[in-house]
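Sequence order for the protein chains is A and B. The first sequence runs 2 to 203 under the numbering used here. The second sequence runs 2 to 203 under the numbering used here. Where is the CB? At the ideal position from N, CA and C, for every residue including glycine.
Number of protein chains: 2
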Amino acid sequence: MPQPARDTYHHGNLRAALVEAGLELTRTGGPAALSLRDVTRRAGVSPSAAYRHFADREELLRAIAQRIQDDMAERMQASPAGALGLSGRERLRAVGLGYIGFALRETGWFETAFFTNNTLPGEAGMPTPLAALVESLDAMVREGDLSPDAREGAEWPCWSAVHGFALLALHGPAARLSESERRAAAARVVDTAITGLTAPGR
Amino acid sequence: MPQPARDTYHHGNLRAALVEAGLELTRTGGPAALSLRDVTRRAGVSPSAAYRHFADREELLRAIAQRIQDDMAERMQASPAGALGLSGRERLRAVGLGYIGFALRETGWFETAFFTNNTLPGEAGMPTPLAALVESLDAMVREGDLSPDAREGAEWPCWSAVHGFALLALHGPAARLSESERRAAAARVVDTAITGLTAPGR
DNA sequence: TCCGATATGTTGACATCGTACACATCTGGC
DNA sequence: GCCAGATGTGTACGATGTCAACATATCGGA
């Protein structure tokens, strides 16, 4: 007998409640921990109720992933990366280290954020973690630290480097590094990407 | 009524057969497509039989991942990266592009290879895709293209860059690029990493 | 050569999961 | 005030991972 845990027949704002419960679940267990039944249980609702708001488990997962990406973006702009008085290059470095730091600190969320084929439609809003990256690269061009030629497509080397290192540190061989080794390797990864972008030769 | 599809009561070499069937399943569907029941069905064996060879689904998945990593390593050494007469730098570039190419061509396998927390024990054997990378970096040092100082830990920037790009191209925003755009971005990622490694100023 | 230990495979069961369908209940616009 | 649509419930189905009890094959020593 599932007790509704509420007085009204309708929940009020179930969709949001399901996403919120999903965030709790995925935080520790990653995407695999997201069970439709568990999530509805936490919301005090029958399993089928979720289908009034999401086509299937996958769609709920995508909504959760979206929320996590927004959260990442927010944190990365609130970090030293957004501090005034820093050069674009310094901000770029902070953004990269912040990205890796988030991945290591919030493992479950990070994995969830990039688990599904999320075709973010909001090209305009761009609430992705990408935003902070774009900003710092633009600043580098303004400051003459990055040539306009090199600016186009510069997101890829940067994002790839930190994204890849984060995943190698979670599932891959970088998991075997000690804390300090990992920190050093992360810095090396970020610095190599920045150097590679701004190096004069070719 | 499950028909054994064989004459003997014992299978003969079930462990290998399960891994082989698992490779088929994960090739198209990735790790999510690996079902213990499906895999035993294909081997003509009851579901529980798998437990004589693997502690659980996870362990089977790890064995499959191991096989895929070996395969990747093999392919990357058979590719242009292993060709004679190429400089270390040229081989490094080929290894990187080969890695990304494998990820895009064999999506399911690539995802499977890095899905679990695989703590590869064989530090000596090193059958990882890493081997080809290590070799080309060493060659660059011998050829004076990479300073010995910069050699240590140089694997991380390289591996991170290509690994990250591969994943962004599969689940992330790089999936929206056209074929040619993606190819260009991949080249940019690899070249930036190499430039960053060998650039003089720190 | 037989025989028992051990490795390997089978059967049946259980809890859990995603999902579908029919039904119940609430709520806003005429 | 009532009816249509939105939202939540109940029940059911098939599939899955895993387990315990049982069956059969294989191999090394008496």
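Within 10 angstroms of the beta-carbon of R38(B) lie fewer than 16 other beta-carbons, which makes it exposed.
Within a 10 Å sphere around the beta-carbon of E59(B) sit fewer than 16 other beta-carbons, which makes this residue exposed. For H12(A), the three-state secondary structure derived from DSSP is coil. Within chain A, the residues placing a beta-carbon under 9 Å from that of H172(B) are F115, F116, T117, N118 and N119, ordered along the chain. Between T117(A) and L171(A), the gap from beta carbon to beta carbon reaches 8 Å or more.
In the same chain as F111(B), and ignoring 5 residues on each side of it, the C-beta atoms closer than 7 Å to its own belong to F103, A104 and A167, in chain order. With fewer than 16 other beta carbons inside 10 angstroms of its own, L85(B) counts as exposed. DSSP places V46(B) in the coil class of the three-state scheme, outside both helix and strand. In the three-state DSSP reduction, P130(A) falls in the coil class, being neither helix nor strand.
Within the same chain, and ignoring the five residues on either side of L15(A) in sequence, the residues whose Cβ sits closer than 7 Å to its Cβ are A44, V46, A50 and H54. Contact of F55(A) with chain B is not assigned, every C-beta pair being separated by 8 Å or more.
Secondary structure of A56(A) (DSSP, three-state): coil. Assigned with DSSP and collapsed to three states, H164(A) falls in helix. Taking 8 Å as the cut-off, the Cβ atoms of A194(A) and R183(A) do not count as close. Taking a contact as a CB-CB distance under 8 Å, the pair T113(B) and T27(B) counts as one, their CB atoms being some 4 Å apart. Within the same chain, Cβ atoms closer than 8 Å to the Cβ of L198(A) are found at L147, A151, A155, P158 and C159, the five residues on either side in sequence being excluded.
Assigned with DSSP and collapsed to three states, G145(B) falls in coil, not helix or strand. DSSP, reduced to helix, strand and coil, places G86(B) outside both helices and strands of the structure shown, so it counts as coil. E107(B) counts as buried, since no fewer than 16 other beta carbons sit within 10 angstroms of its beta carbon. L87(A) is not a Cβ neighbour of S161(B), given a cutoff of 8 Å. Between A186(B) and L178(B) a beta carbon distance of about 6 Å is seen, short of the 8 Å cut, so the two are scored as contacting. In the structure shown, the three-state DSSP call for F111(B) is helix.
Only those residues of the stretch 60–73 of chain B whose C-beta falls short of 7 Å from the nearest C-beta of chain A would be listed, and there are none. Just so you know, the alpha carbons of A95(A) and R68(B) end up roughly 38 Å apart. Contact between A140(A) and R92(A) holds: CB atoms are separated by about 6 Å, below the 8 Å threshold. At least one beta carbon of chain A lies nearer than 8 Å to the beta carbon of G154(B).
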